Amino acid sequence: MTPRMTCATQPASPATKAMFSRILTSGLFAGAAAGLITALLQLYFVQPVLLHAELYEGGELVHFGADPVTAHPDLPGLFAEPVRDGLSIVFTMLTYTGYALVMAALMSVAERQGHEISARTGLLWGLAGFITFHFAPGLSLAPEVPGVAAADVGARQIWWTITVAAAGVAMWLIAFGGNLVSYLIAALLLMAPHIIGAPEPESFSGPVPTEIGALFAARAFGVGMAAWVLLGSFAGYFWQAEGKRAEAAA
Numbered sequence: 145m146t147p148r149m150t151c152a153t154q155p156a157s158p159a160t161k162a163m164f165s166r167i168l169t170s171g172l173f174a175g176a177a178a179g180l181i182t183a184l185l186q187l188y189f190v191q192p193v194l195l196h197a198e199l200y201e202g203g204e205l206v207h208f209g210a211d212p213v214t215a216h217p218d219l220p221g222l223f224a225e226p227v228r229d230g231l232s233i234v235f236t237m238l239t240y241t242g243y244a245l246v247m248a249a250l251m252s253v254a255e256r257q258g259h260e261i262s263a264r265t266g267l268l269w270g271l272a273g274f275i276t277f278h279f280a281p282g283l284s285l286a287p288e289v290p291g292v293a294a295a296d297v298g299a300r301q302i303w304w305t306i307t308v309a310a311a312g313v314a315m316w317l318i319a320f321g322g323n324l325v326s327y328l329i330a331a332l333l334l335m336a337p338h339i340i341g342a343p344e345p346e347s348f349s350g351p352v353p354t355e356i357g358a359l360f361a362a363r364a365f366g367v368g369m370a371a372w373v374l375l376g377s378f379a380g381y382f383w384q385a386e387g388k389r390a391e392a393a394a
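Counted the way our numbering counts, the sequence shown spans residues 145 to 394.
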C-alpha cells in the first residue's frame, strides 16, 4: 500500500500580503484619480479635434476656428453625448489603473533597493512613463487622426510594442543603472527602433488638413504628459501614505 502524496501550498507571509495590499491600494487610487482627470482633459482638448477630422473624413469642409470646441455648430459639446463620454471616462480610468498597478509594483522593487518613493519622485516616474508609452513610439509613429494614410495595423502594433518595451528598459537603466555601460545600453535601446524605422504607408494622402493633424498630435502629447505626471505623483503619494499607515498599524 503506497502512501498518499499530498501537496500543500505555503500560505503567503504577512509581509507579502501587506506588500500586495499596498500595491493594490496605491494603484487603484492613483489610477482612478489620474484616469478621471485625463478623461476630462481628453474630452475637452482632444475629442473636438477628432470630431473635426471625422467631418473631413466624411467629405464635409468645415472651418476650423480659434476655439476647437465651438468652431462648428454641428459638433457635440462636452458631455453632449453622455453614453459615449461616460464610456470614454470609464475606459480611461481602467486603462490608467492598469498603468498605476504596474508602476506601483515597480515602485516596490525600487524601494526594496533603497530608493525613496514619494509624490516628488513619483513625478519623475510619471515623466519616464510618458517617454516610454507616448514620446518614444510617437517620435516615429505620431498620433493620427481619422482619414489619414497609415501602414498595416499589425505591423504598427508590433513596432509600437517593441519600442515601448525597449524604452521602458532604457528608463529603468537610466534611473537605476548607475554606470556608463547602463547609460550606453539605454541610449542604444532608445535609438534602435527609430534607426530601424516605423512602418509607413506606401503613399501619403487623406482629406484631413495637416493643421488638424498637427494640432491633434500636439494635444495628444500634451494631455499624455499631463496624465503621466499626475499618475506618477499620485502613485508616489499613495505609496508613501500606505507605507506610513502600515508602519503606524504595526
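C-beta atoms are modelled at their ideal positions from N, C-alpha and C, and glycine is treated no differently.
Source: prediction; values computed, not measured.
- One alpha carbon belongs to His259, the other to Val292, and they sit about 45 Å apart.
- The beta carbon of Val373 sits closer than 8 Å to those of Leu267, Gly270, Leu271, Phe274, all from its chain and outside the five residues before and after it, given in chain order.
- Judged by beta-carbon spacing, Ala248 lies within the 8 Å limit of Gly171, meaning their Cβ atoms are closer than that value.
- In the DSSP assignment, His338 falls within the unbroken alpha helix (DSSP H) covering 324-340.
- Taking 8 Å as the cut-off, the beta carbon of Leu317 is found closer than this to the beta carbon of Ala330.
- Bounds of the alpha helix (DSSP H) holding Glu255 are 226-256.
- In summary, Ser347 is exposed, with fewer than 16 beta-carbon neighbours lying within 10 Å of its beta-carbon over all protein chains present.
- Inclusion of Pro343 and Asp296 in the CB contact set at 8 Å is warranted, their separation being smaller than that value.
- With distances taken between CA atoms, Asp229 lies nearest to Val190 out of Ala197, Val190, Ala244.
- For the 8 Å CB-CB criterion, Ala280 and Ala361 do not form a contact.
- Going by C-alpha positions, Ser232 is about 15 Å away from Gly242.
- Here Gly321 carries a coil assignment [DSSP, helix/strand/coil].
- With contacts defined as CB atoms closer than 8 Å, Ala174 and Ala379 qualify as a contacting pair.
- Taking all protein chains in view, the Cβ of Leu334 is crowded by 16 or more other Cβ atoms within 10 Å, so the residue is classified as buried.
- Between Ala311 and Thr276, the gap from beta carbon to beta carbon is short of 8 Å.
- A direct Cα-Cα distance of roughly 20 Å separates His338 from Ser326.
- Under the three-state reduction of DSSP, Ala310 is assigned to helix.
- In the structure shown, the three-state DSSP call for Phe360 is helix.
- Around the beta-carbon of Gly368, 16 or more other beta-carbon atoms lie within 10 Å, marking it buried.
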